[in-house]
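Numbering (our numbering), first residue to last: 3 to 556. Where a beta carbon is used, it is the ideal one built from N, C-alpha and C, also for glycine.
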Amino acid sequence: MENKIAESKVARHERIKGSANPWEILAEILEGADRGPGGMAREDLDVRTRWWGVYPQGDGLGVRGGGSDFFMVRIRIPGGRLTTSQLSAIGELSRRYARGTADITVRQNIQLHWVRPQDLRPLFEGLFAVGLTTQGACGDDTRNITSCPVSDLASEERSMDRSLLLEINAALNGNPLFYNLPRKFKITFAGCPCGCTYPEINDVGILPVTHPDHGPGYAMRVGGGLATRPHLSLLLPRFFSPEEVVPSLLAIATLFRDRDELRQSRERARLKFLFLEHGWTVSSFAAELERLLGHALPELAPVVPESFIGRSGRDHLGLHPQRDGRLFAGLSVAQGVLDPDRIARIVTLSETFGTGEIRLTPQQNLVISGISKERSEEFSSGAREAGLSLAPGFDARTVSCTGKTFCRLALAETKELGARLSETLKARFPSLPSVPYIHLSGCPNDCGQMRIADIGLTGIQGKNGDHGTEDGFELLLGGSMTGALSVNRRTGVKLLKDQVAPFLTRLLAFYESACHNGEDFRSFVERTGLDWIAVLDKGTPEELDLLAESLSGP
């Protein structure tokens, strides 16, 4: 008898997505969903639904558990901009179909949970009716294109071209030529000097520059990404006029699509692996791009793009002047978690004091613009009543992924832990010299971007003696989300979930006592190294006091 070779996971995925374009069979997918749990074809459920922003929801146990009869639905919001009518619609759809859930993501999307299969059709119809879609929010395609939420508002910054962003989105999302990429393809339009959208960790980061010979245009960074092998993107030595941006992105998407070496392993399928494993350089990448374009591009030199150094943060929190004399407000949303009632209060704030627009940020926060200076105090009071803060505190700088509550890949719960951790640290450290960025990711895929945080926590299966395994986290320190972005380092410290808050309390108390002249956490780690972490983990209070004293001097 001939032995039948089992189909590998990657081969099955490539076969399914190659056999039918999911964007062309929405009617078939929704017909299956209409039949309720078990009504979808298995290949649609496992793969094709993702191209419509739909993931099967886990049972709450993450990677150790199984599936459920519910979906997570991700809404694609280019540049994170919503009208109040659109946000109101999301709030009502959340109330009706998603048990009141609505989470802002680090890519300026909004995710809903607990969606029943039979509710997908009315949910989609409700989104379509207000000009929103889930198309391309997941899957091996061009994900939501992020952009600086305030570049057209801030008085000192060059305005991002919103029309160009929408042109990029229209050219790639839904385009049948680019539905079947090796893996996700992430683009950001970085319109401000502080780099709030993190072009260093995107597949393509677009940066505004002005060339002395060619005028205003753009530079591009390529090959960024996090997960288990972080790689900061590389600057292409080419200048892109505004007219060249869309053709160049289509050429880069073509280059990515046609690399068969990136289709052999889903864990090594992102664009960054051309540089990490296949010998590509920025010169060879630029040469292939020009070949696909059919013409040469101007050299970038002598232009030097903004290095993003010199800002105290990337989150735009607080009240800031606009070019027109009014103000915009950056407001923190703890863990990015919204609900219909909070959405209604945000809508009221924007319509009462602003322009009727809400802008989501890559830090899971939001911006309301067009506030008159005369009403700023009244606005601030209303924001506080809505549970929104203008200050860059722990609420604003504690970010987490979905975690195992809903995600089947997660090793640990993150949202509730992040909220408790933020509250604990806020109460204990009301006047810390600099509030660090704390990011939690439930698994190594790092949807919470913990590898670039001052303090990163990545989910593990923690061992609790005779009690077996429970949620745990590995601690990483020394990344940076201010100035020049950098990746943090592993400390060797592993914590059970209930140990996280006490340990970080000791950690920040140590930083508070040993920091020099108000230095931020990243600078503190750079100056002191990480040898002290062993004393923090195992040492006595007396040993910690002596160590802090020795490190606090000039």
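The criterion of a C-beta distance shorter than 8 Å is not satisfied by I112 and I147. Annotated three-state conformation of P446 is coil, per DSSP. Secondary structure at D547: helix, using DSSP grouped into helix, strand and coil. Between G225 and H233, the CB-CB gap stays under 8 Å. Taking a C-beta distance under 8 Å as the contact criterion, E415 and D473 qualify as a contact pair. Taking C-beta atoms as the reference points, G141 and G176 fail to come closer than 8 Å. L368 sits in a strand when the DSSP states are folded into three classes.
The beta carbons of I18 and V49 sit about 4 Å from each other, so the pair counts as a contact at 8 Å. Between H441 and D456, the alpha-carbon positions lie close to 8 Å from each other. The three-state secondary structure of V211, taken from DSSP, is strand.
Within the segment 293-359, the alpha helix (DSSP H) runs of at least 4 residues that lie entirely inside it are, in chain order, 342-355. Within the model, the alpha-carbon separation for L291 versus V248 is close to 13 Å.
Judged by DSSP in its simplified three-state form, D539 adopts helix.
Here G207 is near R223, since their CB atoms are less than 8 Å apart.
Taken in chain order, the complete alpha helix (DSSP H) segments of 4 residues or longer contained in the segment 115-158 are 122-131. By the Cβ test, the segment 256-268 is not in contact with the segment 233-247, since fewer than three Cβ pairs between them sit closer than 8 Å.
Nearest Cα to A536 within the set G520, Q463, L509: L509.
When Cβ pairs closer than 8 Å are counted between the two stretches, the segment 361-371 is seen not to touch the segment 415-426, the count staying below three. By the criterion of a C-beta distance shorter than 7 Å, G458 is surrounded in its chain by H441, M452, L478, G481, N490, once the five residues flanking it on both sides are discounted.
With 16 or more other Cβ atoms from the protein chains shown falling within 10 Å of its own Cβ, E16 counts as buried. D539 and A516 have their C-alpha atoms spaced approximately 16 Å apart. Around the C-beta of A336, 16 or more other C-beta atoms lie within 10 Å, and the residue is accordingly described as buried.
Contact between K499 and G60 does not hold, since their C-beta atoms are separated by about 17 Å, which reaches or exceeds 8 Å. Cα atoms of H318 and A8: separation of roughly 51 Å, rounded to the nearest angstrom. Taking 8 Å as the cut-off, the Cβ atoms of P394 and V437 count as close. Under DSSP, T400 shares a beta bridge with I440. For K496, the enclosing beta strand (DSSP E) stretches over residues 491-498.
K417 and I462 do not touch by the CB rule: their CB atoms are close to 17 Å apart, not below 8 Å. Looking at the DSSP output, Y220 shares a beta bridge with P210, F242. Within 10 angstroms of the beta-carbon of R529 lie fewer than 16 other beta-carbons, which makes it exposed. Within the DSSP secondary-structure output, D473 pairs in a beta bridge with Q463.
In the three-state DSSP reduction, H280 falls in the coil class, being neither helix nor strand.
For V247, the three-state secondary structure derived from DSSP is helix. Assigned with DSSP and collapsed to three states, T190 falls in strand.
The bridge partners DSSP lists for M74 are Y57. In summary, F130 is exposed, with fewer than 16 beta-carbon neighbours lying within 10 Å of its beta-carbon over all protein chains present.
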